[in-house]
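Going down the list, the protein sequences come from chains S and L.
Counted the way full-length UniProt numbering counts, the first sequence spans residues 1 to 679.
Counted the way full-length UniProt numbering counts, the second sequence spans residues 1 to 679.
Protein chains: 2
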Amino acid sequence: MIDDALVIFTPSGKRGRFALGTPVLTAARALGVDLDSVCGGRGICSKCQISPGYGEFAKHGVTVAADALSPWNSVEERYKSIRGMIDGRRLGCQAQVMGDVVIDVPPESQVHKQVIRKSATMRDMVMDPATRLLYLEVDEPDMEEPSGDFERLCKALADQWQVSDIAADLPILRRLQPALRKGGWKVTVALHKGNHDARHRVLDIWPGYHEGGLYGLAVDLGSTTIAAHLCDLADGTVLASAGVMNPQIRFGEDLMSRVSYAMMNPGGDVEMTRAVRAAINDLAVSIASEAGVAATAIYEIVFVCNPVMHHLLLGIDPVELGQAPFALATSGSISLDASDLDLAAVNLAARVYVLPCIAGHVGADCAAVALAEEPDKSKDMVLIVDVGTNAELLLGNESRVLACSSPTGPAFEGAQISSGQRAAPGAIERVEIDPATKEPRFKVIGSDLWSTDPGFAEATAASGITGICGSGIIEAVAEMRMAGLVDARGLIGSAEQTGSARMQAEGRTHAYLLHDGSAENGPRILVTQGDIRAIQLAKSALYAGARLLMDEMGIDQVDRVVLAGAFGAHISPKHAMVLGMIPDAPLSHVFSAGNAAGTGARIALCSRAARDAIEATVTRIHKVETAIEPRFQEHFVAANAIPHATAPFPELAKIVTLPEPSFNTHGSGDDGGRKRRRG
Amino acid sequence: MIDDALVIFTPSGKRGRFALGTPVLTAARALGVDLDSVCGGRGICSKCQISPGYGEFAKHGVTVAADALSPWNSVEERYKSIRGMIDGRRLGCQAQVMGDVVIDVPPESQVHKQVIRKSATMRDMVMDPATRLLYLEVDEPDMEEPSGDFERLCKALADQWQVSDIAADLPILRRLQPALRKGGWKVTVALHKGNHDARHRVLDIWPGYHEGGLYGLAVDLGSTTIAAHLCDLADGTVLASAGVMNPQIRFGEDLMSRVSYAMMNPGGDVEMTRAVRAAINDLAVSIASEAGVAATAIYEIVFVCNPVMHHLLLGIDPVELGQAPFALATSGSISLDASDLDLAAVNLAARVYVLPCIAGHVGADCAAVALAEEPDKSKDMVLIVDVGTNAELLLGNESRVLACSSPTGPAFEGAQISSGQRAAPGAIERVEIDPATKEPRFKVIGSDLWSTDPGFAEATAASGITGICGSGIIEAVAEMRMAGLVDARGLIGSAEQTGSARMQAEGRTHAYLLHDGSAENGPRILVTQGDIRAIQLAKSALYAGARLLMDEMGIDQVDRVVLAGAFGAHISPKHAMVLGMIPDAPLSHVFSAGNAAGTGARIALCSRAARDAIEATVTRIHKVETAIEPRFQEHFVAANAIPHATAPFPELAKIVTLPEPSFNTHGSGDDGGRKRRRG
């Protein structure tokens, strides 16, 4: 009589022979097959659902009989009747092996499930969260063999989950005894182990079996904007995303003015720390409310940010970051309690992970971009530009990666622009200007219609037309350049020079009337000479950073450009290249990747392995310091022209022919190339 | 030419050959000789002082020449001129081996120095503190190889002190950069590693070289009294000792009334937790002030306490400790931050260690007594009685140790006694009654004179005579029993029955006038029938606990009795035995050990090895539960008589012959044997 059977798991292909009667979950565990279970095989959680295959499997050389698994039992019947189950599925902890069988583990039953990402340029992510739920049955106290309830909980974790070295903070110890007694000595714990922690930590405890409700916040803490994703820690789903302005803006628009504020005002850094922590706390509340979950169900927060924001978040005076040698107080990743950051809205026991910084000007946000975009695994030479108030740039491939930051200022985020605003309904986000008539058309956020389309007025009546956001101003300036309204030096032509009545004199300069506002639909929206100058400064800094990395790498051309940033997905590659924001490249090789830093934060939130990986990667990224590099200033000056004073843009020339007017009537230089402070 | 020499260290006897020119400190380290150094051999700290021996050492077979060490150098000259140095001493880091030499390491130059204790019954203690000072030279930041200041500090700790795995909380990271720059990249850190910690933690940082000033608090948190010792963590010296009443007394005098308070009043446990933490915080302030140090220089606190106080200190509702099976929320040792306990007066980064509990009624205080008195290493069968509101008892020897607790109530601490007070100047602490005249004489705290001595009135004029403390009431009752004023059942005789006018009628009972107070020197002090009853209840509980342990051990006699407790040193063994507080034993084998729990706390404060040892020991101590043991009640009732209703006290009979009057005029039992609640 044959008393064992062959069990083959797909998609892993793992196989082994097991005694008849072995539960499928037990077989999976013995083979190291990734099959989830929260209740530890007690038929409660249903996480271990599997799909047995029947019939002939030529590939595996087995034929699976109809009775290869034990018949449905009462636990499965009960579960299906109450909670429902997909036809053909079984509970892995209940179904027993009775003959050779092929068992498929569906993605949702895997702990380390792959989260398929939408964008082709981004890699998939494997779930490996630091916090998970475990259901336990704890021994009752015995007066003859006295031991603490916590010690018996630890024993249950060791016996039932092979987890040892457990810690619990006082608030959990306080709740432990009532929970155990209410649950009849059965409890569910949220157990956390960060990638540097020596011990597991109990973050929460519930009487009996508890399902779901572990959330994490991935925060991209920018100089201008704080963006966050609320994710389900079980499967990585993004439940809500939200952003707020960084309230530190009132202390200075760019990083260096905040460092100055800290230097000039005793306690100024503390003030800024308090402001940003309060904003993050409020953001946690509002994003949780948007997703319909309690903020106290947030158990983990991952932060990515530039070094100045990093220090201000942690409560470290950023003064050393304002002067050479730009020494970070600490560069490694940081694990701490959310309460250390005064984040009182999230769970009392919530843990925080801050990605490592690369250098004094290249922060955890750049590390997050590297984690999301993986230049270190790229076959071709890729330039990744994370557009923000402080831009981070990465250049490299699998053999070498360079990084730098560049002080672009907040112009790309709509700040320092006369009609600038952040990306919100009513903001102009797309612009086209007819080269012949010089007449514009545009789209505003909240409507898919062009401003010249029928029904546009009605469609935008609610939001109005309130200003221009970052992607809008990039397109407006590039379109003005293509339409001959702005010359290579960035000067706006007059009505006479351009033949367009939309050119309005403003003192000694001119502005282009993009939208003639009214009482009904908002203000007059102009693109002024000051706006052009702000964009020129920003794009020059960006280009100069890229160029410096290319010098260091010894290359004149990159194979691929990735535009990232909070509004990276909204930047038109063609317009970015017309502006000369990025080095010349075939337009088909320029991609918009969206908020790669935020994506990196999300990956780190969902995966301890990713945290380990990026910590290893940052040590191999070579940082190029722009602040003290004379060539940076040279590149910056040369990049002031639109698209560039000296560099040829052959790929751009293949698709766009730029008119070359000159509106300089003063015969002298302008201030477009003036040096500016890092910001 | 011989290019190395023999170096012999005493008292360790370690020896080795070293190249000529090797500093003595280097040789000591290579051999694992315990030679202290804070500055790492830079001639700053002078902790590595050694005493070279010269001439012939027959025992070691060497002759040490006068030039066996290098001549005095400028560092030593400078140190000696500024700070002074004992003649014959050298700095181990400066003196180099130039020939065979015998080098003595004086006790004060040893890290693991032995602290010689005064009492013969107590063991010596070896310093092995969890927090120590280390002086470091940190690399300056390098823009080409960017790294955080903290990462370079960690590198210095690894390179210069072979310490890895370092953590620092945010407040330290905040202070790191200014300290490094102020100290010219030289700093001293206070580094902590508890016995369960995976990582070292920087608790404090100072620019440059910093000496001394690491203090610890050993706290014996009793139901009635909170006693603390302030110790220097470098050498274990006790700088100050102080005690305050536990403010929880207002919620209930004994433990069970506090548990009841928590059960009856929602939030009552929180209220009690707040009260006791505030009292500890205040005690830290006052004890530091008494020692003339800042409370913020307290970096470690060790707590010992009974289980109910343990839970109330930690903020855990003690309700489960009030009912079988008396389950502790946690029994293991606990390491946490002082801030977790709201102890804001001590250093922000101060760490707390709470000794493990043995069982639901046998707490960390009992563990501390075991650590101090080491019954598990005793050759003879020792009974250790820790007298307090809740008494802990240990019985055993090197082969087996039993423990139990007994609810004595606060009578031994002067509470529940009509003229009771805590031990303070003015309290009667010694009593003698002349068996013939029935006249008393007594001593009060603050004077060495008997009340019958000339000059007594003047000596006590300042304090007055204010009441009776614990040791005083024990002696008073025992003396009354010996003088025939109290019978074996505990009844006080009348003036007629005893022939003494000091017997005063109080309703249907009598009281003994110990001191006739006046306007000048305080109240009338009587020993009432109620006082006798309170002492009977307390001593019966104590005896019953001891007897229960003896039953469990299968013995009828113990070899040795140790009286411990906050006032253990003040209890007269003879009087204790007349009362029947303890089982009969040869009087020469009854010792007063002082506050053994407090001593255990001090040992744990000064030694990580001791923490490891007691954690291992408690797992081997077998707990006997008195609360549900019917024999405990039987023993308790039988022990109500003075000294005992049934047990013979042959050793006591050898030294004292007790009169056997009977003052029971009612012909019926009294209430002395009534059952009482645990407390």
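Ideal placement from N, C-alpha and C gives every residue a C-beta, glycine not left out.
Owing to the predicted nature of the structure, the values given are computational and were not obtained by experimental measurement.
Counting C-beta neighbours from all protein chains within 10 Å, is the total for residue i 16 or more, i.e. buried, or is it exposed?
i: S/Ala372; result: buried
i: S/Gly252; result: buried
i: L/Ser451; result: buried
i: S/Thr619; result: exposed
i: L/Thr437; result: exposed
i: S/Trp72; result: exposed
i: L/Glu634; result: exposed
i: S/Lys379; result: exposed
i: L/Gly472; result: buried
i: S/Gly455; result: exposed
i: S/Lys654; result: exposed
i: S/Asp386; result: buried
Closer than 8 Å, CB to CB, is residue i near chain L or not?
i: S/Thr460; result: no
i: S/Asp317; result: yes
i: S/Glu392; result: no
i: S/Asp584; result: no
i: S/Thr296; result: no
i: S/Leu214; result: no
i: S/Glu271; result: no
i: S/Phe326; result: yes
i: residue 725 of chain S; result: Lying before the first or after the last residue shown, residue 725 of chain S is absent from chain S, which here runs from 1 to 679.
For residue i, does the three-state DSSP call read helix, strand or coil?
i: L/Thr131; result: strand
i: L/Lys443; result: strand
i: S/Gln248; result: helix
i: L/Ile614; result: helix
i: residue 688 of chain S; result: Not covered by the structure: residue 688 of chain S. The range shown for chain S is 1 to 679.
i: L/Pro435; result: coil
i: S/Pro586; result: coil
i: L/Ala604; result: helix
i: S/Val456; result: The identity of residue 456 of chain S in the sequence shown is Phe, whereas the question assumes Val. Looking at S/Phe456 - three-state DSSP - the assignment turns out to be helix.
i: L/Ile642; result: coil
For a cutoff of 8 Å on Cβ pairs, would you count residue i as touching chain S?
i: L/Ala359; result: yes
i: residue 723 of chain L; result: Nothing about residue 723 of chain L can be read from this structure; chain L reaches only from 1 to 679.
i: L/Met263; result: no
i: L/Ala367; result: no
i: L/Val274; result: One detail in the question is off: residue 274 of chain L reads as Arg in this sequence, not Val. No, its Cβ sits nowhere closer than 8 Å to a Cβ of chain S.
i: L/Leu348; result: no
i: L/Gly388; result: no
i: residue 705 of chain L; result: One cannot answer for residue 705 of chain L here, as it falls past the ends of chain L, which runs 1 to 679.
i: L/Ala329; result: yes
If residue i sits next to residue j, beta carbons under 8 Å apart, how far is it from one beta carbon to the other, in whole angstroms?
i: S/Arg132; j: S/Ala167; result: Not really, about 16 Å apart at Cβ, beyond 8 Å.
i: S/Ala538; j: S/Ala411; result: 4 Å
i: S/Arg524; j: S/His510; result: Contact flag wrong, Cβ pair sits at about 15 Å.
i: S/Ile614; j: S/Ala370; result: 7 Å
i: L/Gly208; j: L/Lys186; result: 5 Å
Below 8 Å between beta carbons is the criterion; list the residues of the segment 598-626 of chain L that meet it against any residue of chain S, in chain order.
Lys623, Glu625
**Request:** Using a Cβ-Cβ cut-off of less than 8 Å, list which residues of the segment 141-161 of chain S approach chain L; keep chain order.
**Result:** Pro141, Asp142, Met143, Pro146, Ser147, Gly148, Asp149, Phe150, Glu151
- Query: Closer than 8 Å, Cβ to any Cβ of chain L: which residues of the segment 304-315 of chain S, in chain order?
  - Reply: Leu314, Gly315
| Members of the segment 403-435 of chain S that neighbour chain L once the beta carbon cut-off is set at 9 Å | none
Item to complete: Using a Cβ-Cβ cut-off of less than 9 Å, list which residues of the segment 181-199 of chain S approach chain L; keep chain order.
Response: Arg181, His196, Asp197, Ala198, Arg199
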